[in-house]
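Asker: Provided herewith is a single structure, encoded as structure tokens, for subsequent inquiry.
Residue numbers (this note's numbering): 2 to 217.
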């Protein structure tokens, strides 16, 4: 499990940037980023223990959001061709070959079996780091707006990659962004905490999963 360390100055500065967190569970969605075997399993290119350590925390938080009447959305990152095209994969061949294991149909692409999904959960395939970005080809922002969602809780992998991008896009689109510090993970403590520091100052509430569940 990551040792989370967000300096007091970051939290204090962040408190000046946004109001105290107030959550209406019915208007809240978890975006569970890329809980894929590629990022979790030992032996996979980015699999690591920190990712495996967050699975129970994520499952409990997702369950709490469901029980409170919120929405849970899982994403799967794909490097395959964009829908409706016959073009090349979204990650050029010049990029590291390990990226190409994130093609639909591969074991690495699949959601980890220890991540609990419910029948009412959504699952979207994304083609950019953030599923809210227009280039991700998910339609997720439009779907959330149609449901009246105003708060987005971010869990998943990796903190300093797709989770960071999603939090920033959520902020830019006018959502209240919340990052679960013990239900997101990076390759190292340094990367995890660096991302959380910047998010805490400018873009998102950064709280552990128990505190987020208590706010629902």
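Where a beta carbon is used, it is the ideal one built from N, C-alpha and C, also for glycine.
Model, not experiment: these values are computed from the prediction.
For residue 139, which option in 167, 151, 196 and 149 has the closest C-alpha, if you only look at C-alpha atoms?
Answerer: Locating residue 139 in the chain shown gives position 138, where the first residue counts as 1. With distances taken between Cα atoms, residue 139 lies closest to 167.
Asker: Out of 37, 71, 212 and 115, which has the shortest C-alpha to C-alpha gap to residue 182?
Answerer: Position 181 of the chain shown, counting from 1, holds the residue named residue 182. Cα-wise, what sits closest to residue 182 is 212.
Asker: Taking the alpha-carbon of residue 68 as reference, which of 186, 157, 125 and 26 has the nearest alpha-carbon?
Answerer: Stepping through the chain shown from its first residue, residue 68 is reached at position 67. When each option's Cα is compared against that of residue 68, the closest is 26.
Asker: For residue 2, which residues from the same chain have a beta carbon less than 8 Å from its beta carbon, with the 5 sequence-adjacent residues on both sides left out?
Answerer: Within the chain shown, the letter at position 1 stands for residue 2. Excluding residues within five positions, the ones whose Cβ falls inside 8 Å are 51, 54, 55 and 183.
Asker: When burial is assigned at 16 or more other CB atoms within 10 Å of the CB, is residue 4 buried or exposed?
Answerer: Counting from one through the chain shown, the residue named residue 4 turns up at place 3. Result: exposed.
Asker: Is it right to say residue 6 is buried, meaning 16 or more other beta carbons lie within 10 angstroms of its own, or is it exposed?
Answerer: Within the chain shown, residue 6 is the residue found at index 5, counting from 1. When all chains shown are included, residue 6 counts as exposed.
Asker: So, residue 188 versus residue 18, is the Cβ gap smaller than 9 Å?
Answerer: Position 187 of the chain shown, counting from 1, holds the residue named residue 188. Position 17 of the chain shown, counting from 1, holds the residue named residue 18. No, Cβ-Cβ distance for residue 188 and residue 18 is not below 9 Å.
Asker: Could you pull out every residue in the same chain whose Cβ sits closer than 7 Å to the Cβ of residue 200, ignoring the five residues on either side in sequence?
Answerer: Counted from its first residue, the chain shown places residue 200 at position 199. Within the same chain, residue 200 has close Cβ partners 165, 168, 180 and 207.
Asker: In angstroms, rounded to a whole number, what distance separates the CA positions of residue 60 and residue 117?
Answerer: In the chain shown, residue 60 corresponds to position 59, counting from 1. In the chain shown, residue 117 corresponds to position 116, counting from 1. If you take the alpha carbons of residue 60 and residue 117, they lie about 6 Å apart.
Asker: So, for residue 29: in the same chain, excluding its five sequence neighbours on each side, which residues have a beta-carbon less than 6 Å away from its beta-carbon?
Answerer: The residue given as residue 29 occupies position 28 in the chain shown. The answer, listed in chain order, is 71 and 152.
Asker: Can you name the start and end residues of the beta strand (DSSP E) that residue 124 belongs to?
Answerer: Counting from one through the chain shown, the residue named residue 124 turns up at place 123. 123-127 is the span of the beta strand (DSSP E), which, as asked, contains residue 124.
Asker: Here's a check: name, in chain order, each residue in its chain whose Cβ is nearer than 7 Å to the Cβ of residue 111, leaving out the five neighbours to either side.
Answerer: The residue given as residue 111 occupies position 110 in the chain shown. The answer, listed in chain order, is 37 and 38.
Asker: Would you tell me roughly how many angstroms separate the C-alpha atoms of residue 121 and residue 62, rounded to the nearest one?
Answerer: As a working mapping, residue 121 is identified with position 120 in the chain shown. As a working mapping, residue 62 is identified with position 61 in the chain shown. Residue 62 has its alpha-carbon roughly 16 Å from the corresponding atom of residue 121.
Asker: In whole angstroms, give me the CA-to-CA distance for residue 215 and residue 129.
Answerer: Walking along the chain shown from the start, residue 215 turns up at place 214. Walking along the chain shown from the start, residue 129 turns up at place 128. Straight-line Cα distance between these residues: approximately 32 Å.
Asker: Among the residues of its own chain, which have a CB less than 7 Å from the CB of residue 11, if the five just before and after it don't count?
Answerer: Within the chain shown, numbered from 1, the residue matching residue 11 stands at position 10. Excluding positions up to five away in sequence, the list reads 198, 201 and 202.
Asker: Report the three-state DSSP secondary structure of residue 139 (helix, strand or coil).
Answerer: Here residue 139 refers to the residue found at position 138 of the chain shown. Residue 139: coil per DSSP, three-state reduction.
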